[in-house]
Amino acid sequence: MHADEADIDEHLVRRLILGQFPAWADLPIARLASGGTVNAVYRLGDELSVRLPLTAGGVDDLAREVRWLPRLASALPVPIPTVVATGAPAEGYPWPWAVHRWINGENPLEGQVARPEALVGDLAAFVLAMRGVAVDGGPPAHRGGPLTDQDPETRAAIAALGRTDEPFDMGAASAAWDAALAAPPWTGSPCWIHADLMPSNLIVADGRLAAVLDFATVGVGDPACDLIPAWNLLPPEARQAFRDAVDVDDATWARARGRALSMALIQLPYYRDTNPVISANARYVISQVLVETR
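Put into structure tokens, the structure is as follows:
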């Protein structure tokens, strides 16, 4: 996916485990099929997973999780990852890496939610709990600032998509983005947000939210960012119920729609040939937003 990715495979992971955590050396190791873009993830036995940054950019993300996950866990209504151990660079792999506790379940698929009313309630409970976190000293969340921060990259992505065979009206995409930028900015006190509630970072079981993963972007910022599941996951008929459950004003909802659109527009030209999971989700978001803003 990235030009500067590390060369990671099962043999490397086994050597790293053997050298640093020999108690786990005999456990089976298997690469997980994943839509993730920052880490390579391997299952280690039945109860653990190994996450290794693909590029140097993922190293600070790991450090953020190690620091904040233990402090956030008790405030949230569903399980989040537990860092069991952190590994050091070795065997030719240049960066720190982590071992997490395994969480059972599966990633939901955009627009194909078995129990949307139940999932809406669970997602809203998580978003509201994040807003209410009382942990002080949080870092600025990735994507937690004003939408204008994303304007140059979003417009560049619109131009790039206009040169592809993607079946979207880029004029309509530009108009939808302009409308989002016109929404009043967040003026409340910054609150805690996850900032990357993509389906690949959600675990469901029996139609309910079972866990939320990947807190690399967590911090304080505009709560609109955590409303993106309205467009990247939920079917259209469940969207208003989610809005009602999280109780946000028109401006926050408009910024949330713009945030979801911006993320999708930026993701699609970058990942369209390398990450089918992210590409499919980006297409879903763009189509949902353009229908809604038509």
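Heads up, the final residue of the sequence shown is numbered 1053 in my numbering, and it's a clean run with no missing numbers.
Every residue, glycine too, gets a C-beta built ideally from N, C-alpha and C.
- Query: Looking at the structure shown, is residue 925 part of a helix, part of a strand, or coil, going by DSSP?
  - Reply: coil
- What residue from 1020, 991, 959 and 978 has the CA that sits closest to residue 893's CA? 978
- Message: What does DSSP give as the partner residue(s) for residue 871 in the beta ladder?
- Response: 868
- Item | Per DSSP, the bridge partner or partners of residue 950 | 980
- Segment contact, 8 Å Cβ cut-off, at least three pairs: the stretch 921-934 with the stretch 1023-1039: yes
- Message: Tell me the DSSP secondary structure of residue 990 in three-state form.
- Response: helix
- Item | Spatial neighbours of residue 787 in its chain, beta-carbon cut-off 7 Å, leaving aside the 5 residues before and after | 804
- Do you know how far the Cα of residue 850 is from the Cα of residue 868? 36 Å
- Message: Using DSSP's beta-bridge definition, name the partner residues of residue 808.
- Response: 802 and 859
- Using 8 Å as the Cβ pair cut-off and three pairs as the minimum, do the stretch 989-998 and the stretch 905-919 touch? no
- Query: If residue 845 and residue 825 are in contact, beta carbons under 8 Å, what's the gap, nearest whole angstrom?
  - Reply: 6 Å
- Item | Neighbourhood of residue 864 by C-beta distance below 8 Å, restricted to the same chain and skipping five residues each side | 962, 963, 964, 969 and 970
- Message: According to DSSP, is residue 729 part of a helix, a strand, or is it coil?
- Response: Here the chain comprises residues numbered 760 to 1053, so residue 729 is not present and cannot be evaluated.
- Message: Restricting to Cα atoms, I'd like to know which of 911, 891 and 928 is closest to residue 1042.
- Response: 928
- Task: Assuming residue 765 contacts residue 821 (C-beta within less than 8 Å), just tell me the rounded distance between them.
- Result: Contact flag wrong, Cβ pair sits at about 13 Å.
- Message: Mapping the DSSP letters down to three states, classify residue 899 as helix, strand or coil.
- Response: strand
- Message: As an exercise, report each continuous alpha helix (DSSP H) stretch of at least 4 residues that is fully enclosed by the stretch 763-787, in chain order.
- Response: 769-779
- Query: In whole angstroms, what is the alpha-carbon distance linking residue 903 and residue 796?
  - Reply: 19 Å
- Message: Quick check: what's the CA-CA separation for residue 913 versus residue 1023?
- Response: 9 Å
- Message: Looking at the secondary structure, which residues open and close the alpha helix (DSSP H) in which residue 1062 lies?
- Response: The structure shown does not extend to residue 1062, since the chain spans only 760 to 1053, so no value can be given for it.
- Going straight from the alpha carbon of residue 991 to that of residue 870, what length do you get? 8 Å
- If we ignore side chains and look at the alpha-carbon of each, how far apart do residue 1012 and residue 780 end up? 46 Å
- Item | Of the listed residues 1050, 1040, 1033 and 934, nearest to residue 760 (C-alpha basis) | 1033
- Query: Taking the C-alpha atoms as reference points, what is the distance between residue 1062 and residue 809?
  - Reply: There is simply no residue 1062 to check, as the chain begins at 760 and stops at 1053 in what is shown.
- Task: Count the other C-beta atoms from every protein chain shown that fall within 10 angstroms of the C-beta of residue 816, then say buried if there are 16 or more, exposed otherwise.
- Result: exposed
- Just how far apart, CA to CA, sit residue 866 and residue 945? 31 Å
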